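There are 2 protein chains.
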Amino acid sequence: MALKNSYYERLAGGYLFPEIARRTKEFQVFHPEVKIMRLGIGNTTEPLPQIVASAMALEAVRLMNVETYSGYGDEQGNSKLRQALSERYKKCFGVRLDADEFFISDGSKCDCANISSIFSHESIIAVESPAYPVYVDSNVTSGKTGQFNKGKMQYEGVYYMPCTEMNDFFPEVPSGHVDLIYLCRPNNPTGAVAMASDLQPFVDYALEHKAVIIYDVAYVDYQKERGLVESIYQIPGAEKCAIEIGSFSKWAGFTGVRLGWSIVPKELVVEDTVPGELHRMWSRRYTTVFNGASNIAQAGGLAVLSELGQQSCQEVINYYMSNARLIKNGLYDMGLTVYGGTNAPYIWLKVPDGMSSWNFFDKLLNETNVVCTPGVGFGPDGEGFCRLSAFGHQENITEAIESIRMNLRI
Amino acid sequence: MALKNSYYERLAGGYLFPEIARRTKEFQVFHPEVKIMRLGIGNTTEPLPQIVASAMALEAVRLMNVETYSGYGDEQGNSKLRQALSERYKKCFGVRLDADEFFISDGSKCDCANISSIFSHESIIAVESPAYPVYVDSNVTSGKTGQFNKGKMQYEGVYYMPCTEMNDFFPEVPSGHVDLIYLCRPNNPTGAVAMASDLQPFVDYALEHKAVIIYDVAYVDYQKERGLVESIYQIPGAEKCAIEIGSFSKWAGFTGVRLGWSIVPKELVVEDTVPGELHRMWSRRYTTVFNGASNIAQAGGLAVLSELGQQSCQEVINYYMSNARLIKNGLYDMGLTVYGGTNAPYIWLKVPDGMSSWNFFDKLLNETNVVCTPGVGFGPDGEGFCRLSAFGHQENITEAIESIRMNLRI
Numbered sequence: 001m002a003l004k005n006s007y008y009e010r011l012a013g014g015y016l017f018p019e020i021a022r023r024t025k026e027f028q029v030f031h032p033e034v035k036i037m038r039l040g041i042g043n044t045t046e047p048l049p050q051i052v053a054s055a056m057a058l059e060a061v062r063l064m065n066v067e068t069y070s071g072y073g074d075e076q077g078n079s080k081l082r083q084a085l086s087e088r089y090k091k092c093f094g095v096r097l098d099a100d101e102f103f104i105s106d107g108s109k110c111d112c113a114n115i116s117s118i119f120s121h122e123s124i125i126a127v128e129s130p131a132y133p134v135y136v137d138s139n140v141t142s143g144k145t146g147q148f149n150k151g152k153m154q155y156e157g158v159y160y161m162p163c164t165e166m167n168d169f170f171p172e173v174p175s176g177h178v179d180l181i182y183l184c185r186p187n188n189p190t191g192a193v194a195m196a197s198d199l200q201p202f203v204d205y206a207l208e209h210k211a212v213i214i215y216d217v218a219y220v221d222y223q224k225e226r227g228l229v230e231s232i233y234q235i236p237g238a239e240k241c242a243i244e245i246g247s248f249s250k251w252a253g254f255t256g257v258r259l260g261w262s263i264v265p266k267e268l269v270v271e272d273t274v275p276g277e278l279h280r281m282w283s284r285r286y287t288t289v290f291n292g293a294s295n296i297a298q299a300g301g302l303a304v305l306s307e308l309g310q311q312s313c314q315e316v317i318n319y320y321m322s323n324a325r326l327i328k329n330g331l332y333d334m335g336l337t338v339y340g341g342t343n344a345p346y347i348w349l350k351v352p353d354g355m356s357s358w359n360f361f362d363k364l365l366n367e368t369n370v371v372c373t374p375g376v377g378f379g380p381d382g383e384g385f386c387r388l389s390a391f392g393h394q395e396n397i398t399e400a401i402e403s404i405r406m407n408l409r410i
Numbered sequence: 001m002a003l004k005n006s007y008y009e010r011l012a013g014g015y016l017f018p019e020i021a022r023r024t025k026e027f028q029v030f031h032p033e034v035k036i037m038r039l040g041i042g043n044t045t046e047p048l049p050q051i052v053a054s055a056m057a058l059e060a061v062r063l064m065n066v067e068t069y070s071g072y073g074d075e076q077g078n079s080k081l082r083q084a085l086s087e088r089y090k091k092c093f094g095v096r097l098d099a100d101e102f103f104i105s106d107g108s109k110c111d112c113a114n115i116s117s118i119f120s121h122e123s124i125i126a127v128e129s130p131a132y133p134v135y136v137d138s139n140v141t142s143g144k145t146g147q148f149n150k151g152k153m154q155y156e157g158v159y160y161m162p163c164t165e166m167n168d169f170f171p172e173v174p175s176g177h178v179d180l181i182y183l184c185r186p187n188n189p190t191g192a193v194a195m196a197s198d199l200q201p202f203v204d205y206a207l208e209h210k211a212v213i214i215y216d217v218a219y220v221d222y223q224k225e226r227g228l229v230e231s232i233y234q235i236p237g238a239e240k241c242a243i244e245i246g247s248f249s250k251w252a253g254f255t256g257v258r259l260g261w262s263i264v265p266k267e268l269v270v271e272d273t274v275p276g277e278l279h280r281m282w283s284r285r286y287t288t289v290f291n292g293a294s295n296i297a298q299a300g301g302l303a304v305l306s307e308l309g310q311q312s313c314q315e316v317i318n319y320y321m322s323n324a325r326l327i328k329n330g331l332y333d334m335g336l337t338v339y340g341g342t343n344a345p346y347i348w349l350k351v352p353d354g355m356s357s358w359n360f361f362d363k364l365l366n367e368t369n370v371v372c373t374p375g376v377g378f379g380p381d382g383e384g385f386c387r388l389s390a391f392g393h394q395e396n397i398t399e400a401i402e403s404i405r406m407n408l409r410i
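This is the structure in structure tokens:
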């Protein structure tokens, strides 16, 4: 008698975004005449730069020609693309990594979910609260957590690191023992960033405890201020204790195209491994259960990494960041308390009058027809906040903020 | 102290194809003047039909335009593509499945590896021997098997179903209890197929034991003879006990583009689930840890499913199948014993003189400069065989067979 993986039963509620979609759809059914304005899911809306789209179109055309057709590539990714990423890290971030320390994936969501599979089933995970739900959910379904505690809005056995107004949304290093520490800077959802002095204690902790930091840099190109960390490997010692995960989704508009990368340095070690072993295990995972990212998407990635490609992508990012300013300033002018939005495409709004996140979601939808993302969906310390996203056409963002300004009863 | 996932240590040797690549590379280093002819990895070589490649080029161009740009799609796949697959199953195979019972992936290798994650950690798996290595390896790394027994060339705790000359390469139903049964028809590597009378006992077994059949149809479009099973759902009762996994890789030349699908019927149940529950769990897995296949690849998939697309893909398949005939007849004329190659792009060659698969691999490479795939890499009962692949340009296939004919010392 086959049995299901019963860990799935531990997953609390629906996954955040499908639940938002469900409530929004329900609202639309009852109010078919209303134009809903979405500041919820962080989905890119602006077209790809010509150099990037045409590189992919050209690659598709090359597949039509017997001389230029290509089938399976290396599972770990096109070697030119890995080399180009290695060069970008050196030139832009001052970080030296071999090309084969980069692994090309079909997007960072998969990497964030799969990375814990090379570590022991007994690993204790630590996550920021709030955080991108994938870090916890992937460990719930693989049995690395306990049951969901509805009172605390937490999974048993997971170490939550509160990111609150009190600590400027940057967590303290764990006081007890943990094995895998997920950090995301610039942060989704709070928009908070990291300086070297913030991250050094985490690297020191990881080295001392033989823990591993899983560092998500999906939004790093949205950082505008100087002196912020761009790669965990800018912190001395991180190459021995940290994995970095990056994405073309928000950097280059590849949310639908699907492309990302992970870095597992050869020097990375845990208690029972020698240098190189975890790197080989991750490589083995790629060759054993994955067949590479789409060749067309990888051709697009190479174009993104060209000089003109990087410039063009930066222009789109600047556009989204002007949206972020519109949202942040608009809400601030209404007297609301807002964070983020300066070095990240997310604005972290403190819900007024001590309402819950989901009640505010419903209120915002009903009164202003604007969809936000309830902060509690990102973890217990997200309660009382909601996330607004700067991804959208400027005229729609302007219209949404105007609707909030005119119609929100606070 | 973090620890590694020690199940990785159980993986026997390198993954088959990287090991072939290593030996081939080594040979080339010592014989730089030699032209190596590859009949090893089943990698497509012929260009995409124009209708398919241009649909993808067009989709890339659409991403350059603000009106037609698209970001995240549904994680489970484009609804039009799911609908088109549902219609193909109905029209071509006489199988009725709802569009939302199809899940679009980035290729069947990932689905084959991930599917067991929705079942209990205690599941006992059964595999054909020989079989595509991913079925076993994915269960080794997730701890669903025991140690590798070098003497038996088997993992402890796995039920191997021998596919040999004695049973025409179709296995008996398990005599003991198993939970997840992996079957692949037409078979990789033996090229053997299935009739309804072959599969009905497996479906009966699965229904009786509440086991699940995971049925891989990656090569179904290579079947030429009539009366062969094209989908497991042609067998009465299969919708309650079987999952089917399909691929655009060999059907439409998408080995590099990456696109596949899985079918988890709503009626599928195991011991501790109600109808719909496993379907919802698989859907939950998609939404939680995956972000959809590339939108460009999915546009290509839709073109494949058009009438002209299906015809055009069939022409490429016919080309490969004429290669298969060349290989099969060439080897047969030399007095060698060969199987497969009639309804599948693989020829299963019985190694002469009782040699081992890897010794024959080395002999073939040294004497004829042809690369094959050692049968033992597919499981213990593959020992004494090797797989030859019909994927290649016809002139190269002809040259390889000529070299074998002239140079192989048997």
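Chains A and B supply the protein sequences, listed in that same order.
Reading the first sequence from the start, the letters are residues 1 to 410 in full-length UniProt numbering.
Reading the second sequence from the start, the letters are residues 1 to 410 in full-length UniProt numbering.
Ideal Cβ placement from N, Cα and C applies to all residues, glycine included.
Predicted, not measured: the structure shown is a model, and the values here were computed from it.
- Lysine 4(A) has Phe119(B) as its beta-bridge partners, per DSSP.
- As a beta-bridge residue in DSSP terms, tyrosine 182(A) pairs with Val127(A), Ile214(A).
- Using a Cβ-Cβ distance cut-off of 8 Å, the segment 296-315 of chain A and the segment 142-155 of chain A are not in contact, since fewer than three pairs of beta carbons, one from each stretch, lie closer than that value.
- Under the Cβ distance rule, asparagine 396(A) does not count among the residues neighbouring chain B, no pair being separated by less than 8 Å.
- The alpha-carbon of valine 217(B) is positioned some 25 Å away from that of methionine 64(A).
- Residue environment for histidine 279(A): buried (at least 16 other C-beta atoms within 10 angstroms of its C-beta).
- For the set Pro47(A), Phe170(A), Trp251(A), the Cα lying nearest the Cα of glutamine 200(A) is the one of Phe170(A).
- The three-state secondary structure of serine 283(A), taken from DSSP, is helix.
- Under the three-state reduction of DSSP output, asparagine 295(B) falls in the helix class.
- Between the segment 249-260 of chain A and the segment 219-226 of chain B, the count of Cβ pairs shorter than 8 Å is below three; the stretches do not touch.
- Contact annotation for glycine 256(B) against chain A: Ser70, Gly71, Tyr72, Gly73, Asn295 [CB-CB distance below 7 Å, chain order].
- Taking 8 Å as the cut-off, the Cβ atoms of valine 371(A) and serine 403(A) do not count as close.
- Within chain A, Leu63, Met64, Asn65, Val66, Tyr69 have C-beta atoms less than 7 Å from the C-beta of proline 47(B), given in sequence order.
- For the set Thr44(B), Thr45(B), Ser70(B), the Cα lying nearest the Cα of histidine 393(A) is the one of Ser70(B).
- Using a Cβ-Cβ cut-off of 8 Å, glycine 40(A) does not count as an interface residue toward chain B, since no Cβ of chain B sits closer than that to its own.
- Under the rule that a run must span 4 or more residues, the alpha helix (DSSP H) segments found entirely inside the segment 186-266 of chain B read 196-209, 249-252.
- Taking 3 residues as the shortest admissible run, the segment 4-83 of chain B contains no complete beta strand (DSSP E) segment at all.
- Nearest CB-CB separation between cysteine 313(A) and chain B: not below the 8 Å threshold.
- Counted as a single uninterrupted DSSP element, the beta strand (DSSP E) harbouring isoleucine 104(B) occupies residues 102-105.
- Here the alpha carbons of valine 229(B) and serine 197(B) stand approximately 9 Å from one another.
- The C-beta distance from alanine 192(A) to glycine 340(A) rounds to 7 Å, short enough to fall under 8 Å.
- Glycine 42(A) and valine 338(B) have their C-alpha atoms spaced approximately 56 Å apart.
- With respect to serine 79(A), serine 116(A) sits apart: the two C-beta atoms are not nearer than 8 Å.
- Nearest C-alpha to isoleucine 213(B) among Val178(B), Met195(B), Arg226(B): Val178(B).
- Chain-order list of chain A residues neighbouring phenylalanine 119(B): Ala2, Leu3, Lys4, Asn5, by C-beta distance under 8 Å.
- Minimum Cα-Cα distance from tyrosine 320(B) among the listed residues Leu302(B), Leu308(B), Asn329(B), Tyr346(B) corresponds to Tyr346(B).
- Leaving aside the five residues that flank alanine 194(B) on each side, the residues in its chain whose CB is nearer than 6 Å to its CB run, in chain order, Arg185, Val229.
- Residue environment: phenylalanine 30(B) is assigned as exposed (fewer than 16 neighbouring CB atoms within 10 Å of its CB, all protein chains considered).
- Methionine 161(B) carries a strand assignment under DSSP once its states are collapsed to helix, strand and coil.
- With respect to the C-alpha of glycine 260(B), the residue from Glu208(A), Gln76(A), Phe290(A) having the closest C-alpha is Phe290(A).
- In this chain, the beta strand (DSSP E) harbouring arginine 387(A) covers 385-389.
- Between tyrosine 159(A) and leucine 180(A), the alpha-carbon positions lie close to 10 Å from each other.
- The alpha-carbon of serine 306(B) is positioned some 24 Å away from that of proline 265(B).
- By the Cβ test, the segment 354-361 of chain A is not in contact with the segment 279-288 of chain A, since fewer than three Cβ pairs between them sit closer than 8 Å.
- Around the beta carbon of cysteine 110(B), 16 or more other beta carbons lie within 10 angstroms, which makes this residue buried.
- Among the residues facing chain A, cysteine 92(B) is not included, as its CB has no counterpart in that chain under 8 Å away.
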